[in-house]
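Peer 1:
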Amino acid sequence: MSVDSSLIITVAPTGSGPQWQKSPHLPISPAEIAEEAVKAYEVGASVAHIHVRDLETKAPNPKIELYQEVVNRIRDRCDMIIQLTTGGGGPYGISFEQRMCSLQLSPESASLNVATMTFGNSVFMNPPEDVERAAKMMIEREIKPEVECYDVGHIELARILIAKGLLKEPSRISLVLGVKGGIPATPDNLMHMRRLLPTACRWNTIVIGKEQFPLLTQGMLLGGDVRVGMEDNIYLTKGVLAKQNAELVSKIARIAKELGKEIATPTEARRILGLRTTP
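Mind the numbering: the sequence shown is residues 14 to 292 in the working numbering, read in order.
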């Protein structure tokens, strides 16, 4: 099996939503978030998708100092790819300028949201001029964007960015299913989104809520990578809260191995994704 066919597992340890209200296990502090990322790395995750939170209110708080502490703590212990969010807190009132502060650290990768949409009970603002500005900032800093597509039309917006030279091929696109306001998490919807992807892209499946593991399994069978973590789903099985993000990574890695998938190391994932050679 070639390295290019290996599965890239991303862990998203905390997110910016109110998951802490339902789970006491959600990591909040930079030390907790980094610890969860490292434990996930030890069981198969090669990428960490990082949000940060206010230590007291637990709300999203995109301070550069918080991102820096998480990055430093992870870097001190492992070589996993660090992907910082540029969407963190957007649906909860965090401004575009605040969201972009993570790019000051020049991570290897960063998320890129391409569409304004209803997101849960809020509105996630991503006007075209801001999207293009974010994409240009990533090009200048040699940061690999991971485009998060929450619905079918978002894939077309990614294609437009590719045509304008604002996304370099091979692009990295995540299909996100299950967000209230986005495309529902069903097998048919995942198949449909998969068919619409650009030919030259490495794609990833993200599923919010209870359909996560069935649809991630489908995504793997269709040739995609996967993301797990408490940002997307706090349950290990029905009614059983995950106590650590590593439990969620272990579960998807076990399913992947049963399907005959090799798990990519961070070094392999860097080559597959075309990341710059030094973090």
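Each residue gets a CB set at the ideal place from its N, CA and C atoms; glycine is no exception.
1) Please classify Thr280: is it buried, with 16 or more other beta-carbons within 10 angstroms of its beta-carbon, or exposed?
2) What are the uninterrupted segments assigned as alpha helix (DSSP H) that are 4 or more residues long and contained completely in the segment 71 to 157, given in chain order?
3) By Cβ distance below 7 Å, which residues in the same chain neighbour Met113 in space, the five residues on each side in sequence not counted?
4) Specify whether the segment 48 to 68 and the segment 242 to 250 touch according to this definition: at least 3 beta carbon pairs, one from each stretch, less than 8 Å apart.
5) If you follow the alpha helix (DSSP H) that Glu202 is in, where does it begin and where does it stop?
6) Across the segment 262 to 277 and the segment 72 to 91, are there enough close Cβ pairs to call them in contact, namely three or more that are closer than 8 Å?
7) Pick out whichever of Gly194, Pro141 and Lys193 has its Cα sitting closest to the Cα of Glu169.
8) Within this structure, are the beta carbons of Arg215 and Arg240 separated by less than 9 Å?
9) From Met204 to Arg86, what distance separates their C-alpha atoms?
10) What does the Cβ neighbour count give for Lys52, buried or exposed, with the cut at 16 atoms within 10 Å?
11) Counting along the chain, where does the alpha helix (DSSP H) carrying Val165 start and finish?
12) On the DSSP letters alone, give me the boundaries of the beta strand (DSSP E) that Ser263 sits inside.
13) For Met138, which residues from the same chain have a beta carbon less than 6 Å from its beta carbon, with the 5 sequence-adjacent residues on both sides left out?
Peer 2: With the structure as the only source:
1) exposed
2) Uninterrupted alpha helix (DSSP H) stretches at least 4 residues long and entirely within the segment 71 to 157 occur at 77 to 88, 109 to 112 and 141 to 153, given in chain order.
3) Thr99, Ala147 and Met150
4) yes
5) Per the sequence presented here, residue 202 reads as Asn, with Glu not at that position. From DSSP, the alpha helix (DSSP H) with Asn202 extends over Pro200 to Leu209.
6) No: the two stretches stay apart, fewer than three of their Cβ pairs being nearer than 8 Å.
7) Pro141
8) Not in contact: Arg215 and Arg240 (Cβ atoms no closer than 9 Å).
9) 38 Å
10) buried
11) For Val165, the enclosing alpha helix (DSSP H) starts and ends at Val165 to Ala176.
12) Per DSSP, Ser263 belongs to no beta strand (DSSP E); it is in the alpha helix (DSSP H), Asn258 to Glu271.
13) Thr129
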